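S.K.: When you number the sequence shown by this note's numbering, it's gap-free, plus one each residue, and the end is 322.
For every residue, glycine included, the Cβ atom is placed at its ideal position computed from N, Cα and C.
Small disclaimer: the values here were computed from a predicted structure and weren't measured.
Can you read through this structure? Questions will come right after.
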Amino acid sequence: MTRRRLCLVVAVAGLVSLSGAAQAEAQTAYGFSLGGNFFRYDEFFLATGATVLIETAEQMEVQIGADFAIRTTRDDDGDIVPRILLPATLGMNFLFPGETITGLFGAGVTPTFLFRTDKSDSRFLMGPYAKAGVRAEVHAVMSWFLEIQQDLLFGGPDWINTATRIQTGIVYRP
Numbered sequence: 149m150t151r152r153r154l155c156l157v158v159a160v161a162g163l164v165s166l167s168g169a170a171q172a173e174a175q176t177a178y179g180f181s182l183g184g185n186f187f188r189y190d191e192f193f194l195a196t197g198a199t200v201l202i203e204t205a206e207q208m209e210v211q212i213g214a215d216f217a218i219r220t221t222r223d224d225d226g227d228i229v230p231r232i233l234l235p236a237t238l239g240m241n242f243l244f245p246g247e248t249i250t251g252l253f254g255a256g257v258t259p260t261f262l263f264r265t266d267k268s269d270s271r272f273l274m275g276p277y278a279k280a281g282v283r284a285e286v287h288a289v290m291s292w293f294l295e296i297q298q299d300l301l302f303g304g305p306d307w308i309n310t311a312t313r314i315q316t317g318i319v320y321r322p
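Dropping the structure here:
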């Protein structure tokens with residue numbers, strides 16, 4: 149487990165370093181979202197997130213972001229117990245601009261942490277994702293977006309986990 153976390157930290161640090169170098173010439177945008185995460189199709193988490201989008205080539209961008217997702221349940225004593233899901237997104241988006249709507253296809257990797265506060269149980273899951281979405285310009289520096297993302301996550305105890313994320317929000321391009 150420690151080795152995986154070290155690899156993840158090194159990968160994120162490398163991407164952040166590359167993105168810092170790329171920002172000197174590339175346009176950077178910031179996205180903010182609200183939506184849901186259907187983790188394993190038996191649990192729904194309310195999610196909010198933030199992301200940095202860095203243009204790498206014409207109609208292509210690197211995405212580095214994270215979500216905070218929460219779900220609450222009642223335990224046997226009637227107390228409300230939260231479960232927290234922290235999925236990150238490291239990937240590439242391909243944009244398909246139209247006259248009014250821009251289409252989007254993205255793929256990458258999604259490291260995910262799951263914390264259960266009612267038990268001393270936490271899990272690390274990681275795997276690929278694919279997503280599709282649309283963006284509509286609503287202001288000179290702002291676009292509204294709607295995206296759906298499918299995650300395939302590997303990690304114990306079930307080892308094969310799926311999640312579907314549906315989110316909407318804004319992309320701000322200063």
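#1: Look up T250 in the DSSP assignment and give the residues it is bridged to.
#2: Can you name, in chain order, every residue of its own chain whose Cβ lies under 7 Å from the Cβ of E247, other than the five neighbours on each side?
#3: Secondary structure at D227, three-state DSSP: helix, strand or coil?
#4: Classify L101: buried if its beta carbon has 16 or more other beta carbons within 10 angstroms, exposed otherwise.
#5: Following the continuous beta strand (DSSP E) through D215, name the residue where it begins and the one where it ends.
#6: Out of G254, L182 and Y320, state which residue places its alpha-carbon closest to the alpha-carbon of Q298.
#7: Could you tell me if P259 is buried or exposed, where buried requires 16 or more neighbouring beta carbons within 10 angstroms of its beta carbon?
#8: Please name the residue, chosen from T221, L182, T176 and D190, that lies closest to E203 on a Cα-to-Cα basis.
#9: Would L194 and G184 qualify as a contact pair, given that the criterion is a beta-carbon distance under 8 Å?
#10: Count the other CB atoms, across all protein chains shown, that sit within 10 Å of the CB of A117; report buried if there are 16 or more and exposed otherwise.
#11: Could you tell me whether the Cβ atoms of L234 and F261 are closer together than 8 Å?
#12: Using a threshold of 8 Å, state whether the C-beta atoms of G303 and R264 are closer than that.
M.R.: So, to answer that:
#1: P245 and R283
#2: none
#3: coil
#4: The first residue shown for the chain is 149 and the last is 322, placing residue 101 beyond what the model contains.
#5: M208 to R222
#6: G254
#7: buried
#8: T176
#9: yes
#10: Absent from the model: residue 117. The displayed extent of the chain is 149 to 322, so no value can be given.
#11: yes
#12: no
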